[in-house]
Amino acid sequence: MEFTEAYKQTGPCCFSPNARYIAVAVDYRLVVRDTHSFKVVQLFSCLDKISYIEWALDSEYILCGLYKRPMIQAWSLTQPEWTCKIDEGPAGIAYARWSPDSRHILTTSDFQLRLTVWSLLNTACVHVQSPKHASKGVSFTQDGKFAAICTRRDCKDYINLLSCHTWEIMGVFAVDTLDLADIEWSPDDSAIVIWDSPLEYKVLIYSPDGRCLLKYQAYESGLGVKSISWSPCGQFLAVGSYDQTLRVLNHLTWKTFAEFMHLSTVRGPCFPAVFKEVDEPLQLDMSELCLNDDFIQGNSDATNGHIKVRYEVMEIPISLPFQKPPTDKPNPKQGIGLMSWSSDSQYICTRNDSMPTTLWIWDICRQEPAAILVQKDPIRAATWDPTCTRLVLCTGSSHLYMWTPSGAYCVSNPLPQFNLTDLKWNSDGSCLLLKDKESFCCAALDVLPESSDYSSDD
3 MEFTEAYKQT
13 GPCCFSPNAR
23 YIAVAVDYRL
33 VVRDTHSFKV
43 VQLFSCLDKI
53 SYIEWALDSE
63 YILCGLYKRP
73 MIQAWSLTQP
83 EWTCKIDEGP
93 AGIAYARWSP
103 DSRHILTTSD
113 FQLRLTVWSL
123 LNTACVHVQS
133 PKHASKGVSF
143 TQDGKFAAIC
153 TRRDCKDYIN
163 LLSCHTWEIM
173 GVFAVDTLDL
183 ADIEWSPDDS
193 AIVIWDSPLE
203 YKVLIYSPDG
213 RCLLKYQAYE
223 SGLGVKSISW
233 SPCGQFLAVG
243 SYDQTLRVLN
253 HLTWKTFAEF
263 MHLSTVRGPC
273 FPAVFKEVDE
283 PLQLDMSELC
293 LNDDFIQGNS
303 DATNGHIKVR
313 YEVMEIPISL
323 PFQKPPTDKP
333 NPKQGIGLMS
343 WSSDSQYICT
353 RNDSMPTTLW
363 IWDICRQEPA
373 AILVQKDPIR
383 AATWDPTCTR
393 LVLCTGSSHL
403 YMWTPSGAYC
413 VSNPLPQFNL
423 TDLKWNSDGS
433 CLLLKDKESF
443 CCAALDVLPE
453 SSDYSSDD
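Per this note's numbering: the sequence shown = residues 3 to 460.
This is how it looks when you write it as structure tokens:
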């Protein structure tokens with residue numbers, strides 16, 4: 003595993019969809035680097051500090067959100083002299099996103115007054131009044147032909163279906179929610195899932211013509227849905243709830259296919275591999291101990307955060323670290339706050355927020371946990387390799403943690419004072435973006451062989 007040097011960043015960083023470039027915000031400048039040589043390909047100067055970056059799907063255009071202004075600027079990678087600036091005036095801009103055709107920008111005004119579709123081909127724009135949310139509540143089909151936009155009027159939630167070719171409204175239907183939280187098309191574009199706010203447990207599946215295919219409610223009392231995710235194959239819908247349980251629905255019958263409970267004590271009959279992060283014991287030769295200044299300066303790995311760690315395989319039964327959330331504060335830290343599917347839909351990883359240092363990896367076919375990773379620090383991010391069954395996570399330390407069906411292992415970042423707070427895969431799985439508080443680097447990973455043989459303490 004090879005690491006690049008550290009580069010400065012002050013905000014969002016993201017790979018282009020074609021995996022060739024990486025865009026980085028450095029104050030008011032947008033820096034575009036080549037992912038192979040890391041040389042600067044383009045440098046654009048915005049009018050204010052960059053708060054948000056999003057690539058167009060064709061990797062030709064880049065959108066920059068200057069939300070302090072508020073304003074949107076867009077740039078062309080192939081035509082550096084081309085510029086675009088979007089300003090909604092007094093209405094403001096709370097969020098912006100690309101359309102699937104890479105030639106339209108959708109902006110949401112402050113206080114969700116309206117959603118505007120701006121064309122880069124001409125000066126035409128289309129308005130959708132009263133969008134439900136700023137950054138949520140909009141979903142596109144996989145083929146890029148239609149958009150579903152949530153709106154609210156007269157204290158009722160609606161779904162607006164728009165054609166992404168003409169941006170005309172193809173249909174509008176009301177949905178049975180008290181306070182719609184978000185919406186997402188299924189991977190095969192045959193269904194739309196919406197879910198209610200945490201105050202009401204309700205998951206609804208609609209067909210594009212407005213027919214309700216499913217009303218799902220796992221329980222009545224207590225906080226409801228916290229996260230939802232379709233499997234990449236489209237056959238399963240994972241629903242993470244505040245009751246610390248992950249439920250998986252089948253797309254054929256819309257029945258519960260599996261229920262995965264996140265218990266603080268793990269015991270049989272299931273026996274997953276439990277990997278616990280521990281400090282590597284120091285190997286010191288005490289025969290010629292000499293604590294002079296040169297020794298102290300030359301052995302400062304611990305002060306730089308480079309304490310060696312490894313995974314230790316634990317025996318079952320085992321008690322996992324658990325934090326009981328306070329009952330007198332809103333938004334309790336409990337329930338399934340993080341979930342992510344593997345690219346082959348065989349595994350899904352989850353984090354129960356009341357056990358922030360524990361990551362569960364579930365085998366969908368066997369309907370049981372395949373592995374449990376117990377970290378020293380709370381898990382910040384976890385993401386799957388888009389090309390194979392390899393999971394990478396970070397905890398805000400200087401180490402990178404990986405899991406494959408063959409085992410788990412820890413990798414030390416060689417950069418000094420570099421603590422990993424976030425990570426992202428390149429679309430082809432060849433490169434991994436690692437973010438620190440004020441810098442970033444990239445790591446090149448070897449292609450995972452079919453029968454990889456990683457041990458737990460590599």
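Cβ atoms here follow ideal geometry from the backbone N, Cα and C, with glycine treated the same way.
- In this structure, the CA atom of ASN428 is about 37 Å from the CA atom of LYS217.
- Contiguous beta strand (DSSP E) elements confined to the segment 105-161 occur at 106-110, 116-121, 127-131, 140-142, 148-155, taking only those with 3 or more residues.
- Inter-segment contact for the segment 186-203 and the segment 262-270 is absent: fewer than three beta-carbon pairs are separated by less than 8 Å.
- Within a 10 Å sphere around the beta-carbon of MET172 sit fewer than 16 other beta-carbons, which makes this residue exposed.
- The DSSP-derived three-state label of ALA93 is helix.
- Only exposed fits LYS10, as fewer than 16 other CB atoms lie within 10 angstroms of its CB.
- In the three-state reduction of the DSSP assignment, MET73 falls in the strand class.
- With a cutoff of 7 Å on beta-carbon distance, GLY431 and THR389 are scored as near each other.
- For the set GLN377, ALA446, CYS16, the Cα lying nearest the Cα of CYS412 is the one of GLN377.
- For GLN44, the uninterrupted beta strand (DSSP E) segment begins and ends at 42-47.
- Per DSSP, reduced to three states, the secondary structure at TRP169 is coil, with no helix or strand assignment.
- If you check the CB distance, ILE151 and VAL130 come in under 7 Å.
- Ranked by Cα distance from GLN81, the first of ASP178, THR255, GLU62, ARG71 is GLU62.
- Taken through DSSP and simplified to helix, strand or coil, VAL177 comes out as coil.
- In this structure the segment 133-153 lies against the segment 162-169, because at least three pairs of beta carbons, one per stretch, are closer than 8 Å.
- The alpha-carbon of THR109 is positioned some 11 Å away from that of VAL140.
- By the 16-neighbour rule on beta-carbons within 10 angstroms, ARG382 is buried.
- Around the beta-carbon of THR352, 16 or more other beta-carbon atoms lie within 10 Å, marking it buried.
- Ranking LEU225, ASN415, ILE52, LEU434 by CA distance to the CA of PRO332 puts LEU225 first.
- Contact annotation, ILE88 with SER111: C-beta distance approximately 11 Å; criterion of less than 8 Å not satisfied.
- Between PRO319 and ARG368, the C-beta spacing is not below 7 Å.
- When PRO92, SER18, TYR69, PRO14 are compared, the shortest CA-CA separation from ILE55 is found for PRO14.
- GLY337 counts as buried, since at least 16 other C-beta atoms from the protein chains shown sit within 10 angstroms of its C-beta.
- Sequence-distant Cβ neighbours of ILE24 in its own chain, meaning closer than 6 Å and more than five residues away, are PHE17, ARG35, THR37.
- If you ignore the 5 residues before and after GLU4, its C-beta comes within less than 8 Å of the C-beta of ALA445, ALA446, all in its own chain and listed in chain order.
- In this chain, the beta strand (DSSP E) harbouring GLY242 covers 238-243.
- Counted as a single uninterrupted DSSP element, the beta strand (DSSP E) harbouring PHE17 occupies residues 15-17.
- A contact is defined here as three or more CB-CB pairs under 8 Å, and the segment 61-75 meets this definition with respect to the segment 38-52.
- Pairing ARG31 with ALA136, the inter-Cα distance amounts to about 25 Å.
- Cβ-Cβ distances below 8 Å link GLN325 to LYS335, SER356, MET357, PRO358 in the same chain, with the five nearest sequence neighbours on each side left out; the list follows chain order.
- A Cβ-Cβ distance of about 7 Å is found for the pair ASN415 and LEU422, placing them in contact under the 8 Å criterion.
- In the DSSP assignment, LEU436 forms a beta bridge with LEU425, CYS443.
- Rounded to the nearest whole angstrom, the CA to CA distance from VAL227 to VAL195 is 13 Å.
- Shown here, THR6 sits in coil according to DSSP, grouped into three states, outside any helix or strand.
- Between THR143 and TRP187, the C-beta spacing is below 7 Å.
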